[in-house]
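Here the structure is laid out as structure tokens; the discussion comes afterwards.
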Amino acid sequence: MTASPDTAPAPGTDLSLSDELARLTRVLHALRSGPPGGAGSDARESAAHVLLFPLTRLGPLRQGALAELVHADPSTVSRHVTLLVERGLVRREADEQDGRASVLVVTATGEAALESMRQERDAFLERVTAAWSPGERATFTGQLHRFVQDLTTHLPSLSDATGGTAPCAEKDR
């Protein structure tokens, strides 16, 4: 038996990792979608902004590499990148190794937007875990990091889906 989203499990209840991950996925989807009725362009813009994280952490990337890195359909990433460029958060520059191709570079405006998103996320998580001890937060963070690393290692890359065998080495945070 799995607890409903707003209640704790009954004492002695065995929690299923897959059930809890499904619950987490639903909650994260609700958080990304924003308040009821707030979907649409805001949700699309929020999804686009997520691409700023790997671009800032890893530096300029080709659009195709970014799509593979975040395990997203290239056409979806293309739409998101178009939005980021239109908003002045990202610019395209010639690839130094192949001038025919371009790389995506985060602008100063994009860096500011990313910092704002980080602050909002940190403040939200601080509220969510306010009743936790520092030790509980540290333990959870360490175990979550380990889980995400192991999950990333086992996550198939787009090349796996097309017959390749090399998984993506780096994933988005």
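Going by the working numbering, the sequence shown opens with residue 14, and the numbers climb by one from there. Every residue, glycine too, gets a C-beta built ideally from N, C-alpha and C. Just so you know, these numbers come straight off a predicted model, no measurement behind them.
Contact under 7 angstroms by Cβ, residue i with residue j
i, j, result
"E106", "V118", "yes"
"V116", "L65", "no"
"P67", "L44", "no"
"T142", "R134", "no"
Cβ separation of residue i and residue j, assumed to be a contact under 8 angstroms, to the nearest whole Å
i, j, result
"R104", "T120", "6 angstroms"
"A61", "L37", "23 angstroms between Cβ atoms; not a contact."
"D86", "A78", "Actually they are not in contact, since the Cβ atoms of D86 and A78 sit about 14 angstroms apart, beyond 8 angstroms."
"E197", "T69", "It is not possible to answer for residue 197, since the shown part of the chain is limited to 14 through 186."
Inter-residue Cα distance where the pair is residue i and residue j
i, j, result
"A126", "L102", "8 angstroms"
"L138", "D111", "42 angstroms"
"T152", "L71", "27 angstroms"
"L28", "H167", "22 angstroms"
"W145", "E33", "19 angstroms"
"H169", "T122", "According to the sequence shown, residue 169 is Pro rather than His. Each residue's alpha carbon lies about 33 angstroms from the other."
"R140", "A114", "44 angstroms"
"L30", "D163", "14 angstroms"
"T154", "S129", "22 angstroms"
"E99", "S59", "14 angstroms"
"Q76", "A136", "31 angstroms"
"A35", "V63", "21 angstroms"
"V40", "S88", "26 angstroms"
"R92", "H84", "15 angstroms"
"R159", "H42", "22 angstroms"
Exposure of residue i, with buried meaning 16 or more beta-carbon neighbours within 10 Å
i, result
"Q11", "There is no way to answer for residue 11, as the model of the chain reaches only from 14 to 186."
"V161", "exposed"
"V90", "buried"
"G148", "exposed"
Residue i, DSSP secondary structure in three states
i, result
"V90", "helix"
"D32", "helix"
"V74", "The sequence given here has Leu at residue 74, not Val. Looking at L74 - three-state DSSP - the assignment turns out to be strand."
"E109", "coil"
"S6", "This structure gives no information on residue 6, because the portion of the chain shown stretches from 14 to 186."
"R102", "According to the sequence provided, residue 102 is Leu. The question's Arg does not apply to it. L102 falls in the coil class under three-state DSSP."
"A127", "A quick correction: the sequence has Leu, not Ala, at residue 127. L127 falls in the helix class under three-state DSSP."
"V119", "strand"
"L64", "coil"
"V161", "helix"
"L168", "coil"
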